[in-house]
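Novice:
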Amino acid sequence: IYIGFNGMTWKRTVGIFGMSCVVAGFLFVVWKIIHNRDFVWLMRRHLWALAIAIYLFALWPVDAVVHNYNVRRILAGDPAPSVQISVHPISSEGVLPLLPLVDCRDEIIREGVRAMLAARLDEAEALDRRRRDQGWTTYQVADRMLLEGLRAESGRWSEYADVEKRAAALERFHEYAYQWF
């Protein structure tokens with residue numbers, strides 16, 4: 007219900023994985039009854055289902071999936087998921103899926119995302135400088151991909167190099183998106 011109302015979030019992804027465990031648990035109970043298994047068998051299967059769900063969730067690119075979904079909804083004409091972009095923190099893997107919003111028909115979302123990406127480029131540049139000073143042990147693939155992707159597209163939001171103009175666009179975007187919070 008909430009995903010349909012205002013988009014996908016990290017916590018809602020956890021809920022989907024959790025509900026998958028519940029369904030698997032129910033199927034194990036049915037299997038136990040049909041095949042006359044004991045309680046220890048059932049508990050082991052439940053723990054295996056939980057372990058597999060945790061493992062898959064740890065591997066799942068949550069922010070990339072979440073923001074791909076939200077971007078598709080926004081571009082389809084539903085601005086409500088913009089609140090998830092505005093309010094929640096976004097990891098490095100979730101920023102590049104926001105690039106199609108740079109051409110969004112909704113001016114407030116378009117300019118807000120451009121300002122957000124300009125700020126994120128500045129942060130990525132600063133992080134890259136710090137990590138180069140600290141050595142190879144601080145290297146992160148997602149951060150590097152983000153930096154390269156933002157550098158390649160930076161001309162699309164160059165007007166937001168001005169920090170005051172950026173802050174104004176971000177404030178307008180946050181106020182607009184907050185109506186769906």
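Here the sequence shown stands for residues 7 to 187, where the numbers follow the working numbering. Glycine is no exception: its CB is placed at the ideal position from the N, C-alpha and C atoms.
Alpha helix (DSSP H) containing A167: first to last residue?
Specialist: Working through the sequence shown from its first residue, we reach residue 167 at position 161. Unbroken run through A167: none, as it is neither H nor E.
Novice: I think A130 touches L152, with their Cβ atoms under 8 angstroms apart; what is that distance to the nearest whole Å?
Specialist: As a first step, residue 130 must be located in the sequence shown, where it is residue number 124. As a first step, residue 152 must be located in the sequence shown, where it is residue number 146. Indeed, because the Cβ distance is near 6 angstroms, the residues count as touching under 8 angstroms.
Novice: Would you grab the beta carbon distance between V77 and W186 for me? Rounded to a whole angstrom, and I think it's under 8 angstroms.
Specialist: Reading the sequence shown from its first residue, position 71 is the one you call residue 77. Reading the sequence shown from its first residue, position 180 is the one you call residue 186. Contact flag wrong, Cβ pair sits at about 15 angstroms.
Novice: Let me check understanding here. Comparing Cα to Cα, which of H41, I91, E159 and A82 lies closest to A70?
Specialist: As a first step, residue 70 is located in the sequence shown; it is residue number 64 there, counting from the start. Ranking the options by Cα distance to A70, first place goes to I91.
Novice: Could you name the residues of the same chain whose beta carbon sits closer than 6 angstroms to that of W163, not counting the 5 residues immediately before and after it, in chain order?
Specialist: The residue labelled residue 163 in the question sits at position 157 within the sequence shown. Same-chain partners within the cutoff: R120, L123 and A124.
Novice: Look up H94 in the DSSP assignment and say whether it is helix, strand or coil.
Specialist: Residue 94 sits at position 88 when you count from the first residue of the sequence shown. It is coil, neither helix nor strand.
Novice: Taking the alpha carbon of V108 as the point to measure from, which residue in I80, I58, M49 and M14 has its own alpha carbon closest?
Specialist: If you number the sequence shown from 1, residue 108 lands on position 102. Closest by alpha carbon: I80.
Novice: Please state whether the Cβ-Cβ distance between V101 and R126 is less than 8 angstroms.
Specialist: Translated into the one-based positions of the sequence shown, residue 101 becomes position 95. Translated into the one-based positions of the sequence shown, residue 126 becomes position 120. Closer than 8 angstroms, so yes.
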